[in-house]
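Heads up: the structure comes next, in structure tokens.
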Amino acid sequence: MKLLKHALRPNKTNTFWNTPAQQLLIQLSSNIQGLSQEDAAQRLKRYGANRLNNKKQTGNLQLFLAQFKSSIILILLFATGLSFYLHDRVDAAIILTIVLISGLLGFLQEKGAASAIEKLLAIVQITVNVLRDGAAIEIAAENLVPGDIVLLRAGDVIPGDCLILESDNLFIDEAVLTGESYPVEKLPGVLPANTALGQRTNALWMGTHVQSGDASALVIATGQTTEFGKLSQRIKLKAPETEFERGIRHFGYLLMEITLILVMLIFAVNVYLEKAVLDSFLFALALAVGLTPQLLPAIISINLAHGAKRMAEQKVIVKQLASIENFGSMNVLCSDKTGTLTEGSVQMHGALDLLGNASEKVALYAYLNSVYETGFSNPIDEAIRQFRRFDVTDCEKLAEIPYDFHRKRLSLLISKQGENILVSKGALTNILDACTEAENADGTLIPIESMSGRIQQRYEEFSRQGFRTLGLAYKPTKAQVQIDKADETGMRFLGFLLFFDPPKADCADTIKQLCELGVTLKIITGDNRLVAATISKQLGLAEHEVLTGPEIEQMSGRALMNKVADVDLFAEVEPNQKERIIIALKKAGFVVGYMGDGINDVSALHAADVGISVDSAADIAKETAEIVLLEKDLAVLVQGVREGRITFANTLKYVFMATSSNFGNMFSMAGASLFLPFLPLLPKQILLTNLLTDFPEMTIASDNVDADMVSQPRRWDIKFIRKFMITFGFVSSLFDFMTFGMLLWLNVPVEQFRTAWFLESVVSAALIVFVVRTDKPIFSSRPGKYLAAATLAIVTVTVALPYTPIAHLIGFQPLPLHILALLLDIVLLYISTAEVVKHIFYRFVKI
214 MKLLKHALRP NKTNTFWNTP AQQLLIQLSS NIQGLSQEDA AQRLKRYGAN
264 RLNNKKQTGN LQLFLAQFKS SIILILLFAT GLSFYLHDRV DAAIILTIVL
314 ISGLLGFLQE KGAASAIEKL LAIVQITVNV LRDGAAIEIA AENLVPGDIV
364 LLRAGDVIPG DCLILESDNL FIDEAVLTGE SYPVEKLPGV LPANTALGQR
414 TNALWMGTHV QSGDASALVI ATGQTTEFGK LSQRIKLKAP ETEFERGIRH
464 FGYLLMEITL ILVMLIFAVN VYLEKAVLDS FLFALALAVG LTPQLLPAII
514 SINLAHGAKR MAEQKVIVKQ LASIENFGSM NVLCSDKTGT LTEGSVQMHG
564 ALDLLGNASE KVALYAYLNS VYETGFSNPI DEAIRQFRRF DVTDCEKLAE
614 IPYDFHRKRL SLLISKQGEN ILVSKGALTN ILDACTEAEN ADGTLIPIES
664 MSGRIQQRYE EFSRQGFRTL GLAYKPTKAQ VQIDKADETG MRFLGFLLFF
714 DPPKADCADT IKQLCELGVT LKIITGDNRL VAATISKQLG LAEHEVLTGP
764 EIEQMSGRAL MNKVADVDLF AEVEPNQKER IIIALKKAGF VVGYMGDGIN
814 DVSALHAADV GISVDSAADI AKETAEIVLL EKDLAVLVQG VREGRITFAN
864 TLKYVFMATS SNFGNMFSMA GASLFLPFLP LLPKQILLTN LLTDFPEMTI
914 ASDNVDADMV SQPRRWDIKF IRKFMITFGF VSSLFDFMTF GMLLWLNVPV
964 EQFRTAWFLE SVVSAALIVF VVRTDKPIFS SRPGKYLAAA TLAIVTVTVA
1014 LPYTPIAHLI GFQPLPLHIL ALLLDIVLLY ISTAEVVKHI FYRFVKI
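Residue numbers (the numbering used here): 214 to 1060.
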């Protein structure tokens, strides 16, 4: 954070906080009515989209060329060109064609995935209210341009660097830039050019957000020209690596080690045996390609994009594809109860006086406090307005102190029949802190100290009944039109406001489904422990220990980490404590999801492995989250978890396939090349083998997934993958050498040897998919129709290939029927053996 503070020093070339607003309007050719649509469109072309990363969408040519960025592929292309110039041009052309076809397949799949994700992200985008042609309209934040007039309110993300034109009790959370946790009050005005960032009270910065109040502001800079944009360019901010990305990286290291050792050894030995250097080099490189699942990035993109589309059908929008795996691996879900576990439609139960009786005056003053409130729109004020309506024609709002998360009060100065009164409502403790007296129903005043015990007793009674209870206070004031926080003293406690939010009818069943999926639900709420415990019982949650915010405040990080696993209900929690709970759970070894939709949830959303929000959430919450629900419902989340696990399971299937038959076949060829007087397969044949075996695996995203792969959260396990690769690679090599022995015993010609080995290699690698895709018996787990069709199609093409007119170009010859029959026997024996080994393997090794 010190780095951020240091980097954001005043920019001497753009000290707009030192310039009067009218002058800036003239300089930007704007006016108080905003830009015209035509002018805004021209500026958008001139300045570009309002994004920190203004990279244009990758063009088709760039995406196609990106398929060949692998160092192994580049070396292979270089060697192919050398072969074309010095050696066999036909062979070189065939190898080049195979490489190009492989690249084209990857391009088509990634292009489709990118288009699908672009459409999904368009559903959930941050919007901003601007004045265009004198009217307030809502546009995508990325279409904002310098000169626009933006209208801001609580919960909004500041979409660009702005100068305030007008404000009303505007407080901005600038922690993302300054590290200061307390919001900063912002006001119009002109400041000296050398004013430090934290003191530029007339300026708003992109990436910060409105905590309370509202304002209109002139956009000065957008995108990379903002202070945050320039900072991100200087320090190259990078999102933390997810568990999914970390697993892919470690898997890549494993393959790299094996490939380098094997390729260097094979090349050296073949040269030592005085085989052609160029052929040996191409053979070693082709083996490297065969060993390397070069389609893994494309397969992952396809799987994740396919999963994102399926999740979208379940009303779950994925903003960051890599978060799907974390979503599926999640074993702890933290959530507030309001709107998620409950109906979310807060209703007012009553307005009660000091003795707990219904009170007309309490209802009236609560209505006055809510009907004139202009800060953050919230269900509490809406419930008060719906509970009872009063004639307020003789009343007038004079001033307001918006609610904030530190004071936990909302105060309004009201003129009522010529008398000014300050009315405050909020959390009971915070209201009592502002009071010196309590008012009885007959109007008599009592020192607050003598009533505090009775007030607390009634509060606990209401809480045990499941009511959320707020306090209401007021005081007459002298004639004035302005108030500030210092005026919230010496008030009279008037009574209680009771609210309830009934649990959702199907919530208990949904919580049970989450539990069956291995996901523990932990409730984190600002409500007091009594209300939270009552609602938890109504939801069917077992009675667990309750940990409160004040208790968390007294705990060290290590103590909290040791405690969180045993606590499922956190009450009276402050916003910053939500983040502490999430971090403690992660340190305790859990994969944590957090579901929140408010301004006070942002830090927790950022800290979680998976930040989950809803489409109706505050902009800042929706922007921070990786996953956005189109419905605020745990049932939707349950479906999303299942889809996330299906996506991860299908990704693992490709890894298992690539590390079983492919590894075995390439290892077998490497070994055979050491004792055969000729190469077991030509480089072009190896590449064709790799292409054909990869083709059906592109359909893996649509494959069926066993129920037990979805029932519990799963993670990357490189040790398991290594054991799987060695075990099934050994089984594959065993039958490969059996094929070599049979062909040598029959003394077949070299071309027929290569043809037979090619057929056995491709057909066995294609059919083994049905074995390794599940830990169940092969006939009890039905594969997806596209996977089955693609696999059988490749088997058919492979068997037919030696009998086609192009067979001689690839170096193949037709095989006698007795050799085909023997090959079929070997393949069937291989599949049967692999099935037996699979049952033994899973008995001793658990995924």
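For each residue, glycine too, the CB sits at the ideal point set by N, CA and C.
All values reported here derive from a predicted model rather than from experimental measurement.
Counted within 10 angstroms of its Cβ, other Cβ atoms place residue i as buried (16 or more) or exposed
i, result
"P896", "buried"
"W958", "exposed"
"N653", "exposed"
"F891", "exposed"
"I239", "exposed"
"I1053", "exposed"
"I448", "Bear in mind that a pLDDT of 40 at I448, under 50, signals an unreliable position, so the model cannot answer this."
"I385", "buried"
"V357", "In the sequence on display, residue 357 carries Leu and not Val. By the 10 Å Cβ count, L357 comes out buried."
"V841", "buried"
"R222", "Here R222 scores only 36 on pLDDT, less than 50, and its place in the model is too uncertain to base an answer on."
"T1004", "buried"
"E251", "exposed"
"P453", "In this prediction, P453 has a pLDDT of 48, which is less than 50 and means its spatial position is unreliable; what the coordinates show is noted afterwards. Exposed: under 16 other Cβ atoms inside 10 Å."
"T226", "In this predicted model, T226 has a pLDDT of only 40, less than 50, meaning its place in the structure is not dependable enough to derive any value."
"F894", "According to the sequence shown, residue 894 is Leu rather than Phe. With 16 or more Cβ atoms within 10 Å of its Cβ, L894 is classed as buried."
"T1017", "exposed"
"I901", "The displayed chain sequence assigns Leu, not Ile, to residue 901. So L901 ends up on the buried side."
"H1021", "exposed"
"L274", "exposed"
"Y485", "exposed"
CB of residue i within 8 Å of CB of residue j, strictly
i, j, result
"Q424", "A367", "yes"
"K791", "I737", "yes"
"Y807", "I795", "yes"
"K799", "D822", "yes"
"D361", "V343", "yes"
"L727", "L947", "no"
"G247", "G347", "yes"
"P375", "A416", "Before going on, a small fix: residue 375 reads as Cys here, not Pro. Contact: yes."
"S873", "F933", "no"
"A969", "V1008", "no"
"V815", "A784", "no"
"L782", "R677", "no"
"R256", "S542", "no"
"V1050", "V963", "no"
"A686", "I644", "yes"
"A434", "K399", "no"
Beta-bridge partners of residue i, as assigned by DSSP
i, result
"E701", "Its beta-bridge partners do not exist; DSSP assigns none."
"R256", "DSSP, once it has assigned bridges, lists no residue as partnering R256."
"Y546", "In the sequence as presented, Tyr is not what sits at residue 546; that position holds Leu. In the DSSP output, where bridge partners are listed per residue, L546 has L734, G806."
"L623", "K638"
"M561", "F712"
"C728", "Looking at the DSSP assignment, C728 forms no beta bridge with any residue, so it has no partner."
"C608", "K629"
"G684", "G639, F709"
"P689", "I634"
"S994", "Bridge partners of S994: none, in fact."
"D427", "R366, D381"
Problem - Start-end ranges of the alpha helix (DSSP H) lying completely within the region 945–984, minimum 4 residues - result: Runs of the alpha helix (DSSP H) inside the region 945–984: 963–980.
Problem - Unbroken stretches of the alpha helix (DSSP H), 4 residues or longer, contained in the region 804–879 - result: For secondary structure counted as the alpha helix (DSSP H) over 4 or more consecutive residues, the region 804–879 holds these complete runs in sequence order: 815–820, 832–837, 847–870.
Exercise for the section: Could I get the ranges of all uninterrupted beta strand (DSSP E) runs contained in the region 635–680, with 3 residues as the minimum, in chain order? Expected result: Counting whole runs of 3 or more residues, the region 635–680 contains the beta strand (DSSP E) stretches 648–652, 658–660.
Practice task
Specify whether the region 678–693 and the region 701–712 touch according to this definition: at least 3 beta carbon pairs, one from each stretch, less than 8 Å apart.
Solution key: Contact holds: three or more Cβ-Cβ distances are below 8 Å.
Problem - Stretch pair the region 626–637 + the region 686–700: three plus CB contacts closer than 8 Å - result: They touch, by the three-pair rule.
Exercise for the section: Could you tell me whether the region 644–663 touches the region 554–567, where touching means 3 or more Cβ pairs closer than 8 Å? Expected result: Enough Cβ pairs lie closer than 8 Å, so yes.
Handout entry: Complete beta strand (DSSP E) runs within the region 340–424 (minimum length 3 residues, chain order)
Key = 340–345, 348–353, 362–366, 374–386, 397–399, all fully within the region 340–424.
Problem - Given 8 Å, three or more beta-carbon pairs between the region 523–541 and the region 846–856 - result: The region 523–541 is in contact with the region 846–856.
Problem - Contact the region 699–709 vs the region 636–645: 3+ CB pairs below 8 Å - result: Three or more Cβ pairs drawn from the region 699–709 and the region 636–645 lie within less than 8 Å of each other, which places the two stretches in contact.
Practice task
Could you tell me whether the region 967–975 touches the region 935–952, using the rule of 3 or more Cβ pairs below 8 Å?
Solution key: Judged by Cβ distances under 8 Å, the region 967–975 makes contact with the region 935–952, as three or more pairs qualify.
Practice task
Could you tell me whether the region 975–995 touches the region 858–873, using the rule of 3 or more Cβ pairs below 8 Å?
Solution key: With three or more CB-CB distances shorter than 8 Å, the region 975–995 counts as touching the region 858–873.
Handout entry: Complete alpha helix (DSSP H) runs within the region 985–1038 (minimum length 4 residues, chain order)
Key = For the region 985–1038, whole alpha helix (DSSP H) runs of length 4 or above, ordered along the chain, are 998–1013, 1020–1023.
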